[in-house]
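Visitor:
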Amino acid sequence: MARESKREVIIDGAVGIFAELGYYKATTALVAKAAGVTQPYVFHFFKNKEELFMAVIERAMNRIYDTFAEVEAPADQLSESMGDAFMRILETHRDETLMVMQAYVIAEPEIRAYVRSRFSFIHDTLKAKYERAGLTPGDAGAAASKFIGMGLLITLSQVLELPDIVCFKDESS
1 MARESKREVI
11 IDGAVGIFAE
21 LGYYKATTAL
31 VAKAAGVTQP
41 YVFHFFKNKE
51 ELFMAVIERA
61 MNRIYDTFAE
71 VEAPADQLSE
81 SMGDAFMRIL
91 ETHRDETLMV
101 MQAYVIAEPE
111 IRAYVRSRFS
121 FIHDTLKAKY
131 ERAGLTPGDA
141 GAAASKFIGM
151 GLLITLSQVL
161 ELPDIVCFKD
171 ESS
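Each residue of the sequence shown is one higher than the one before, counting from 1 in my numbering.
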């Protein structure tokens with residue numbers, strides 16, 4: 001097995017452990033067991049749990065970024081098209097996606113700074129996508145913020161199993 005694929009096997013194992021137990025309860029020993037390797041082997045690739053967690057988040061954020069980058073639609077359909085893409089990622093990579101959308105609550109300074117930079121990058125990327133679709137910079141920024149906010153709300157509804165909190169249609173119409 002190549003070095004990069006062994007690293008990916010460890011990240012795969014880490015996703016499940018972090019998703020199930022959260023950052024603070026997860027251990028590198030549990031990750032090693034889930035990945036079918038020894039704990040020292042985990043440390044061969046990652047200097048500590050923080051670095052491993054950030055690798056998991058990086059892979060997930062890159063997947064989200066790549067998915068949104070592929071979406072092309074007119075301004076009036078862009079949010080819906082990217083929302084559909086987000087829901088597909090949530091179906092196919094649920095644990096990863098839920099981790100990303102909750103990663104901002106980790107208080108470790110290095111993780112917090114990393115997650116902040118990645119969310120900022122995604123926001124800037126979405127804003128630019130809305131601008132290319134024809135929105136003004138102010139409207140594009142607002143659309144990007146609303147889109148991320150909706151993603152966070154969808155994640156909340158998934159984690160807490162409250163699908164009704166994502167309904168915005170006026171039921172009286």
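Just so it is clear, CB atoms sit at the ideal spot from N, CA and C, and this is done for glycine as well. In this text the structure is predicted, and so the values were computed from the model without any measurement.
How close, in whole Å, do the beta carbons of Y65 and I122 come, if the pair is a contact with beta carbons under 8 Å?
Guide: Along the sequence shown, read from residue 1 onward, the residue named residue 65 stands at position 65. Along the sequence shown, read from residue 1 onward, the residue named residue 122 stands at position 122. Between I122 and Y65 the Cβ distance is about 6 Å, and since that is below 8 Å, they are a contact.
Visitor: According to DSSP, is K49 part of a helix, a strand, or is it coil?
Guide: By 1-based counting over the sequence shown, the position of residue 49 is 49. K49: helix per DSSP, three-state reduction.
Visitor: If I'm right that D12 touches A29 with Cβ under 8 Å, what's the distance once you round it to whole angstroms?
Guide: For the purposes of this step, residue 12 is taken as residue 12 along the sequence shown, with counting starting at 1. For the purposes of this step, residue 29 is taken as residue 29 along the sequence shown, with counting starting at 1. Going by Cβ atoms, the distance from D12 to A29 rounds to 16 Å, so no, they are not a contact pair.
Visitor: Indicate whether I89 and R63 have their beta-carbon atoms separated by less than 8 Å.
Guide: The residue you call residue 89 lines up with position 89 of the sequence shown. The residue you call residue 63 lines up with position 63 of the sequence shown. Yes, the pair counts as a contact, with Cβ atoms nearer than the cut-off.
Visitor: Exposed or buried, I165, counting other C-beta atoms within 10 Å across all chains shown (16 or more means buried)?
Guide: For the purposes of this step, residue 165 is identified with residue 165 of the sequence shown, where counting begins at 1. It counts as exposed.
Visitor: Just tell me which of T136, F119, G141 has its CA closest to the CA of V105.
Guide: Stepping through the sequence shown from its first residue, residue 105 is reached at position 105. Looking at the Cα atoms, F119 is the closest of the given residues.
Visitor: Using a 10 Å radius around the Cβ and a threshold of 16 neighbouring Cβ atoms, would you call A107 buried or exposed?
Guide: Stepping through the sequence shown from its first residue, residue 107 is reached at position 107. Flag for A107 reads exposed.
Visitor: Spell out a yes or no on whether the stretch 79-87 and the stretch 139-156 are touching, meaning 3 or more CB-CB pairs, one atom from each, closer than 8 Å.
Guide: Segments in contact, yes.
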